[in-house]
Amino acid sequence: MTRLYAEDLSAGEVFELGTASVTEVEIIDFASQYDPLPIHVSREVAANGPFGGIIGSAAHSLALYSGLASRMFVPRLALVAGKGIERMRLPNPLRPDVIHTASITILGVSPRFRGDAPTTDRADLRCAGQLVDADGRVVLTMEPDSAPWGGGLRTGVSHAL
Numbered sequence: 003m004t005r006l007y008a009e010d011l012s013a014g015e016v017f018e019l020g021t022a023s024v025t026e027v028e029i030i031d032f033a034s035q036y037d038p039l040p041i042h043v044s045r046e047v048a049a050n051g052p053f054g055g056i057i058g059s060a061a062h063s064l065a066l067y068s069g070l071a072s073r074m075f076v077p078r079l080a081l082v083a084g085k086g087i088e089r090m091r092l093p094n095p096l097r098p099d100v101i102h103t104a105s106i107t108i109l110g111v112s113p114r115f116r117g118d119a120p121t122t123d124r125a126d127l128r129c130a131g132q133l134v135d136a137d138g139r140v141v142l143t144m145e146p147d148s149a150p151w152g153g154g155l156r157t158g159v160s161h162a163l
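Numbering (this note's numbering), first residue to last: 3 to 163.
Structure follows, in structure tokens:
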């Protein structure tokens, strides 16, 4: 697998991350530990709630997306570290036994600076992540930021974190 450095990435480029689903039992187990609200753990309460059944928590939606990204995209990057997530939205619920598809779109790559000079060894990467259900409903959107290595790594430039 070819490693992707900062200069290998272009705004508008889309990477498909694959598909995944969760069962109702997985939703209940996850929520029981991390977000034990009745809409995530009680079939009876959830059935009478606004979504008509058990739904995954925000954390579970993010975990599902993150799992796909961590397996399908992140290993391809010459990555220093993730820096944060902005603008996370959950316009539709994570439902059990539904196939979800994830993708990540490159929004931009910009050089890092040391003082007034841009570096060649690291960059700032801004992306848009999306998780969509089988009916095309968007379940999760977010903008993860990370710091990939620049191509200096290929030319033997020393990298200081």
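For each residue, glycine too, the CB sits at the ideal point set by N, CA and C.
Bridge-paired residues (DSSP) for residue i
{"i": "Ser105", "result": "Glu18 and Gln132"}
{"i": "Thr121", "result": "Per DSSP, none; premise fails for Thr121."}
{"i": "Val149", "result": "Reading off the sequence, residue 149 comes out as Ala, not Val. Partner(s): Ala83."}
{"i": "Gly110", "result": "Arg128"}
{"i": "Gly58", "result": "Leu96"}
{"i": "Glu88", "result": "Glu145"}
{"i": "Arg139", "result": "According to DSSP, Arg139 bridges with nothing at all."}
{"i": "Arg116", "result": "Ala119"}
{"i": "Leu6", "result": "Leu79"}
Counted within 10 angstroms of its Cβ, other Cβ atoms place residue i as buried (16 or more) or exposed
{"i": "Gln35", "result": "exposed"}
{"i": "Ile2", "result": "The requested residue 2 does not occur in the structure, where the chain is confined to residues 3 to 163."}
{"i": "Met3", "result": "exposed"}
{"i": "Val43", "result": "buried"}
{"i": "His161", "result": "Because the pLDDT of His161 is 37, which lies under 50, any placement of that residue in the model is unreliable, and the number read from its coordinates should be weighed accordingly. With fewer than 16 other Cβ atoms within 10 Å, it is exposed."}
{"i": "Ala49", "result": "exposed"}
{"i": "Ser72", "result": "exposed"}
{"i": "Asp123", "result": "buried"}
{"i": "Ala83", "result": "exposed"}
{"i": "Pro95", "result": "buried"}
{"i": "Val141", "result": "buried"}
{"i": "Arg116", "result": "exposed"}
Cβ shell of residue i (< 8 angstroms), same chain only, five flanking positions each side left out
{"i": "Gln120", "result": "The residue asked about is misnamed: residue 120 is Pro in this sequence, not Gln. Same-chain partners within the cutoff: Pro113 and Arg114."}
{"i": "Gly20", "result": "Leu70, Arg73, Met74, Thr103 and Ala104"}
{"i": "Ala22", "result": "Leu66, Gly69, Leu70, Ile101, His102 and Ala104"}
Close Cβ partners of residue i (< 7 angstroms) along its chain, the five nearest in sequence each way excluded
{"i": "Ala136", "result": "Val100 and Ile101"}
{"i": "Ser12", "result": "Ile108"}
{"i": "Lys85", "result": "Asp147, Ser148 and Ala149"}
{"i": "Val16", "result": "Ser105 and Thr107"}
Top-ranked residue by Cα proximity to residue i, from the options
{"i": "Val111", "options": "Gly86, Asp147 and Val47", "result": "Asp147"}
{"i": "Leu39", "options": "Tyr67, Ser59, Arg78 and Ala8", "result": "Ser59"}
{"i": "Met74", "options": "Ile41, Val141, Val140 and Ser105", "result": "Ser105"}
{"i": "Ser68", "options": "Pro52, Ala130 and Gly138", "result": "Ala130"}
{"i": "Glu18", "options": "Arg78, Phe32 and Val47", "result": "Arg78"}
Residue i CB to nearest heavy atom of the ligand SAH below 8 angstroms
{"i": "Ala125", "result": "Ligands in the displayed structure: none, and consequently the ligand SAH is not present."}
Neighbourhood of residue i by C-beta distance below 6 angstroms, restricted to the same chain and skipping five residues each side
{"i": "Gln173", "result": "An answer regarding residue 173 cannot be provided, because it is not within the stretch 3 to 163 covered by the chain."}
{"i": "Arg156", "result": "Note on Arg156: pLDDT 48, under 50, position unreliable in the model; the coordinate value appears next. Answer for Arg156: no residue qualifies."}
{"i": "Pro93", "result": "Val140"}
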